[in-house]
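Undergrad: If you read the sequences in order, they're chains Z and Y.
Numbering-wise, our numbering puts 121 at position 94 of the first sequence, and it's gapless, one number per residue.
Numbering-wise, our numbering puts 73 at position 46 of the second sequence, and it's gapless, one number per residue.
First the structure, then my questions, so here it is.
2 protein chains.
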Amino acid sequence: MTQIKVKTNILQANDEVAGQLKERFRAKGITVINLISSPGAGKTTLLEHSIPRLTEKYRVGVIEGDILTTRDADRIAKLNVPVVQIETKGACHLDANMVLKAAEQLDLDNLDFIIIENVGNLVCPATFELAEDAKVVVLSIAEGSDKPAKYPTIFTRAKACILNKMDLLPYSNFSLDDFYQDIKRINPQMEVFEVAALQETGLDSWLKWLEGMMVNGGQKD
Amino acid sequence: MTQIKVKTNILQANDEVAGQLKERFRAKGITVINLISSPGAGKTTLLEHSIPRLTEKYRVGVIEGDILTTRDADRIAKLNVPVVQIETKGACHLDANMVLKAAEQLDLDNLDFIIIENVGNLVCPATFELAEDAKVVVLSIAEGSDKPAKYPTIFTRAKACILNKMDLLPYSNFSLDDFYQDIKRINPQMEVFEVAALQETGLDSWLKWLEGMMVNGGQKD
């Protein structure tokens, strides 16, 4: 019983920080996306191919969560957008306090989007609010079509799903029918974008959806 | 400080249970493997294609960890081996107490191997001892060659790595050179088996290694 209480308190404390931070982002007109997936589903590659198109119209900052190494942050920094690295040193997810500290390193008066790339983990990040306007889950075709049923927390809470590495469909046993049937049951409102990020296919609808999510209606200051 | 202490105590308490359980498995001559990977790396498929060959010579029981659904346990049960399902209902890893309870459902006098399929998560399961003789990490080619450097805990602690879905190598940007360079740095003693479980290629060396791991030297009662 004690353990459950501790967990509840941790989540409550996190949600309070997240709530305050969200008000601050809203006041600045910044839309915040929390990108969650298993290791290697393609979050960083998705950003590498989405951000250059997004920055044609909008100002984008990135918060990179990793257990160790700055590899992903280094890749994003090459896109000439502000990047803040959070190295969790073992922690399996980002929390609102980490994002609060990272946000202090960003020029919030000059951003339309903050994209948070969470630690590669389909489980733990799902329950921690990071002041985001939307969680987006990335699922790789190679991971299999049974994942929404097996990891329902993130698939219930995400507003959109990037079904990535669509180019691997012919070489895998992923069933699109099974996948969409489970999504219909678990989270029928969730948007699904079929994408091959490395090949830059399917990105248009995803980028349009991101624009539609903008808290300031896409208006620049 | 309090939080770290709680975590230490949880791990200590877990290790005590694991230590006692390991003595029990040893006394029965049972070799225990703890299979860890990201969601969708292919743990269940690996077992589906390894167990029928293993049971030609040995008696195998399986403990299946999943957050939700009995899908994997159902797949393993079709192989006509004893399977115990642990549905963690949200928990991101198995612990020694869960394995202790699951083991009570198995006929320990008639087993040579227990294979534990952990929850799909490359982070949290790495630090919890489950009375295993070896942790084995499964990495799918689709996840990318940077994963050992980014998730060093499991790649340091595993005695073997199944590099799975080798058939996807031509369609991915996975670099075998980068992968082996990182392994050499992180855990040079680790055995790596290049496998395509679904196509049943590369399984011989892996099965031979499993035999070599046997605590009773492969002797039946």
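Note that CB positions come from ideal geometry on N, CA and C, so glycine has one too.
Keep in mind the model is a prediction, meaning the values are calculated, not measured.
(1) Quick check on glutamate 227/Y: buried or exposed, where buried means 16 or more other Cβ atoms within 10 Å of its Cβ?
(2) Alpha carbon to alpha carbon, how far is lysine 211/Y from glutamine 30/Z? Give it in angstroms, no decimals.
(3) Name the residues in the stretch 216 to 240 of chain Y whose C-beta lies less than 8 Å from a C-beta of chain Z; which are they?
(4) Straight-line CA distance for serine 232/Z to isoleucine 90/Y?
(5) Take glutamine 132/Y and list the residues in its own chain whose beta-carbon comes closer than 6 Å to its own, dropping the five residues that flank it on each side.
(6) Alpha carbon to alpha carbon, how far is threonine 183/Y from valine 87/Y?
(7) Examine chain Y for any beta-carbon lying closer than 7 Å to the beta-carbon of glycine 23/Z, and answer yes or no.
(8) Leaving aside the five residues before and after phenylalanine 206/Y along the sequence, list all residues of the same chain whose C-beta is less than 6 Å from its C-beta, in chain order.
(9) Answer yes or no: does any C-beta atom of chain Y fall closer than 7 Å to that of glycine 67/Z?
(10) DSSP beta-bridge partners for glutamate 167/Y?
(11) How many Å lie between proline 215/Y and isoleucine 57/Z at the Cα?
(12) With a cut-off of 8 Å, do at least 3 Cβ pairs link the stretch 101 to 116 of chain Z to the stretch 100 to 107 of chain Y?
(13) Please compile the residues from chain Y whose C-beta is within a distance smaller than 9 Å of the C-beta of threonine 183/Z.
(14) Whose C-beta lies closer than 6 Å to the C-beta of threonine 97/Y among residues of the same chain, with five residues either side of it excluded?
(15) Looking at the structure shown, is aspartate 93/Y part of a helix, part of a strand, or coil, going by DSSP?
(16) Going along chain Y in order, which residues have a C-beta closer than 7 Å to the C-beta of alanine 20/Z?
(17) Ignore the nearest five residues each way along the sequence and tell me which others in tryptophan 236/Z's own chain have a CB closer than 8 Å to its CB.
(18) With H, G and I counted as helix, E and B as strand and the rest as coil, what does DSSP make of tryptophan 236/Y?
(19) Here's the rule: buried if 16 or more other CB atoms are within 10 angstroms of the residue's CB, otherwise exposed. What is asparagine 137/Z?
(20) Taking threonine 180/Z as the query, report the chain A residues whose CB atoms sit under 9 Å from its CB, ordered along the chain.
(21) Classify aspartate 139/Z: buried if its beta carbon has 16 or more other beta carbons within 10 angstroms, exposed otherwise.
(22) Counting contacts by CB-CB distance shorter than 7 Å, is methionine 148/Y in contact with chain Z?
(23) Along the beta strand (DSSP E) that carries glutamate 144/Y, what are the first and last residues, could you check?
(24) Nearest CA to the CA of leucine 62/Y: which residue from Ala223/Y, Glu156/Y, Lys49/Y and Tyr198/Y?
(25) Between aspartate 42/Z and glycine 229/Y, what straight-line distance do the alpha-carbon atoms span, to the nearest angstrom?
(26) From this set, Arg51/Z, Lys116/Z, Cys119/Z and Gly67/Z, which residue's C-alpha is nearest phenylalanine 201/Y's C-alpha?
(27) Per the DSSP calculation, isoleucine 60/Y is bridged to which residue(s)?
(28) Quick one: is alanine 176/Z near chain Y, going by C-beta distance under 7 Å?
(29) Ordered along the chain, which non-local residues of its own chain (more than five positions away) have a Cβ less than 8 Å from that of methionine 28/Y?
(30) Note down, in chain order, each residue of its chain lying with its Cβ closer than 6 Å to the Cβ of lysine 116/Z, except the 5 sequence neighbours on either side.
(31) Quick check: what's the CA-CA separation for aspartate 122/Y versus glycine 147/Y?
(32) Give the DSSP-derived three-state secondary structure of glycine 46/Z in the structure shown.
(33) Going by CA-CA distance only, name the one from Pro79/Y, Phe52/Y, Lys55/Y and Ser199/Y that's closest to leucine 234/Y.
(34) Using DSSP's beta-bridge definition, name the partner residues of phenylalanine 220/Z.
(35) Which residues of the stretch 127 to 152 of chain Y have a Cβ closer than 8 Å to any Cβ of chain Z? Give them in chain order.
(36) Taking DSSP's pairing of strands, which residues face valine 111/Y in a bridge?
TA: From the atom records:
(1) exposed
(2) Low confidence applies here, because glutamine 30/Z scores a pLDDT of 43, under 50, leaving its location unreliable; read the following figure in that light. If you take the alpha carbons of glutamine 30/Z and lysine 211/Y, they lie about 39 Å apart.
(3) Leu225
(4) 42 Å
(5) Val111
(6) 27 Å
(7) The displayed coordinates of chain Z run from 28 to 248. Any statement about residue 23/Z would go beyond what the structure contains.
(8) Ser172
(9) yes
(10) Checking the sequence, you will find serine at residue 167/Y rather than glutamate. Partner(s): Asn191/Y.
(11) 46 Å
(12) no
(13) Those within 9 Å of threonine 183/Z in chain Y number zero; the least Cβ separation is about 11 Å.
(14) Gln112
(15) strand
(16) What the structure shows of chain Z is the stretch from 28 to 248, and residue 20/Z is not part of that stretch, so it cannot be assessed.
(17) Ala187, Glu218 and Phe220
(18) helix
(19) exposed
(20) In summary, chain A is missing from the structure at hand, where the protein chains are Z and Y.
(21) buried
(22) For clarity, residue 148/Y is asparagine in the given sequence; the question names methionine instead. Yes, contact with chain Z.
(23) 140 to 144
(24) Glu156/Y
(25) 47 Å
(26) Gly67/Z
(27) Ile142/Y and Ala161/Y
(28) yes
(29) Model confidence at methionine 28/Y stands at a pLDDT of 38, short of 50, so the residue's coordinates are unreliable; what they give is reported in the following sentence. No residues qualify anywhere along the chain.
(30) none
(31) 14 Å
(32) helix
(33) Pro79/Y
(34) Ile189/Z
(35) Val146, Gly147, Asn148, Leu149, Val150 and Cys151
(36) Ile90/Y
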